[in-house]
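Protein chains in written order, with the numbering used here: chain A, 1 to 485; chain B, 1001 to 1095. The beta-carbon is built from N, C-alpha and C at its ideal position, and this holds for glycine as well.
Next comes the structure, spelled out in structure tokens:
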């Protein structure tokens, strides 16, 4: 039986009683990767030597009886848009094929402080732009439940690695659903915290007003542990929130009696697969059985969210990605022309098609004469979407619906039409625009493929989101299912 | 409002991208489809709605003007494709 089938506290007990060593946990992770990753392709870079050194040091620490971190000894994977000092970080882009970061992201330092072991860097859509992982410049990730299907994106490697049992947990990033949607497709737990709760220092920026780092795990309990380790104010991130961090683990009480749940009719209506809707409705029955009550509500501006999101995120991306100029790092294509030629050539050869498309869209939306019509308009619609949630949260504790309208689709089936691909994120994007927290947890299967339940909370109320998700998990077995590989 | 290949060429220049004729044609078509979809936003009256630039009410973040440790020249140049005498190297800017 895999060591990664145990609960986190169980693994810690086994370490404490010397039944298992950190070295063994690390070797298990590396051997599962050796066996499975040629099929899944979740990892872009392995940190074998570094992980073994770290494991040895942690085993020494264990022997001395010194205080152990919250994530002691646990093998972790990190999405490849989060910088790791001395460990290649590519954002799955040819542009950064050989980029060696000179510092650690705050979340990476925090994982080290918590005594987690960094196993490697995870595949993704190039610069986190995409919902299927097919935009990786280094080849798509495959869904462990069906290797002919996508794992979702953009944190597809982060979700697939956990589903395949390659590591204990991973970090992903979410801009419009990039943690939750792949978690849903891969049958794992993905949490997008409130904007500002987790430091973005060292996260390669895509859309700065939306990007947020969060954990992908097999259980809600693990998610609470990882969040506890990475949340908190950071002076290095000017949009980091100065809020006190609660004890997330103590919120996992199993008690949700009297909980008021809002179910937006827009989230279970037209466009959502019948099998997904059924899974969500039966999940609501489980929650009802635990003493919660649910009512249908309306989030009337839902249908405008995707359009607003693509204008805003592409505009921010066009500005953020201006830094990739072929001078300070990354691809440089010098054909003997001037500086302008160097910029043009380096960027054109370094970026893939989806990244170029979004830079183009964003540049257009911000360009003279169009700013008011597109960018400003989208920012105003963002306000309306946020107000929809504010209104609902006056009466309800959480909002619940599916994470995605469908289960994982076949590789190559949506690559021709970017707009269709964008619409897969229709249920995660409004939450991102509002900046509020949400988790995706497994809630059933449709034709052998996992379905995700999305639980959305009030600003900085991760505790309630985790409590509800955990209560559901305690009374269901979906999260225990594993793909046959 | 629809955009032409000429618009795409102009935007590519602003974005410092060199597009092939095939890319120009594809992007013209796809950007038109996306922008047409974005027209949907005009169904909403936003005359009196404040724009949201940030969900958190953030204002300027200040800190004391204290000298702190920073990157060494060596570290800063570590990933530079070309450098010379401690500087990033670029082709001639003035011709």
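- For residue 1079(B), at least one C-beta of chain A is nearer than 8 Å to its own C-beta.
- Restricted to the stretch 225-284 of chain A, the beta strand (DSSP E) segments that are unbroken, complete and at least 3 residues in length are 260-264, listed in chain order.
- Residue 157(A) sits in a helix when the DSSP states are folded into three classes.
- Non-local beta-carbon contacts of residue 137(A) in its own chain, meaning distances under 7 Å to residues more than five positions away in sequence, involve 92, 93, 94, 126 and 352 in chain order.
- At the C-beta level, residue 206(A) and residue 128(A) come within 8 Å of one another.
- Here residue 300(A) carries a coil assignment [DSSP, helix/strand/coil].
- Between the stretch 388-401 of chain A and the stretch 345-362 of chain A, the count of Cβ pairs shorter than 8 Å is below three; the stretches do not touch.
- Chain A places a beta carbon closer than 8 Å to that of residue 1093(B), counting this residue as a contact.
- Contact annotation, residue 264(A) with residue 401(A): C-beta distance approximately 6 Å; criterion of less than 8 Å satisfied.
- Under the 8 Å criterion on CB atoms, residue 201(A) is classed as non-interfacial with respect to chain B.
- The beta carbon of residue 384(A) falls within 8 Å of a beta carbon belonging to chain B, placing the residue at that interface.
- When C-alpha distances from residue 328(A) are compared across 1064(B), 1087(B) and 1054(B), the shortest belongs to 1087(B).
- In the three-state scheme derived from DSSP, where H, G and I count as helix and E and B as strand, residue 1089(B) is classed as coil.
- Among the residues facing chain A, residue 1087(B) is not included, as its CB has no counterpart in that chain under 8 Å away.
- Taking C-beta atoms under 8 Å as the contact rule, residue 115(A) and residue 165(A) fail to qualify, at a distance of about 21 Å.
- Against residue 363(A), the close residues of chain B are 1011, 1014 and 1015, in the order they occur along the chain (beta-carbon pairs closer than 7 Å).
- In the DSSP assignment, residue 1041(B) falls outside any beta strand (DSSP E), carrying neither H nor E.
- When the five nearest sequence neighbours on each side are left out, the beta carbons in the same chain lying within less than 6 Å of the beta carbon of residue 158(A) are those of 79, 122, 170, 172 and 216, in order along the chain.
- With respect to residue 118(A), residue 76(A) sits close: the two C-beta atoms are nearer than 8 Å.
- Contact with chain A is absent for residue 1025(B), since none of that chain's Cβ atoms lies less than 8 Å from the residue's Cβ.
- Counting only unbroken stretches of 3 or more residues, the beta strand (DSSP E) elements lying wholly within the stretch 143-211 of chain A are 169-174 and 189-192, in sequence order.
- No Cβ of chain A is located within less than 8 Å of the beta carbon of residue 1057(B).
- Between the beta-carbon of residue 1005(B) and that of residue 1033(B) there is about 15 Å, and that puts the pair past the 8 Å contact cut.
- Of all alpha-carbon atoms in 12(A), 176(A), 476(A) and 414(A), the one lying nearest the alpha-carbon of residue 168(A) is that of 12(A).
- Residue 478(A) carries a helical assignment under DSSP once its states are collapsed to helix, strand and coil.
- Within the DSSP bridge table, the entry for residue 440(A) names 190(A) and 454(A) as partners.
- Taking CB atoms only, residue 337(A) has a neighbour in chain B less than 8 Å away.
- Within chain B, the C-beta atoms nearer than 8 Å to that of residue 239(A) come from 1054, 1056 and 1058, in chain order.
- Residue 131(A) places its beta carbon less than 8 Å from that of residue 154(A).
- Contact holds between the stretch 1057-1067 of chain B and the stretch 228-247 of chain A, because three or more Cβ pairs, one in each stretch, are under 8 Å apart.
- At a Cβ-Cβ threshold of 8 Å, residue 467(A) and residue 261(A) do not count as neighbours.
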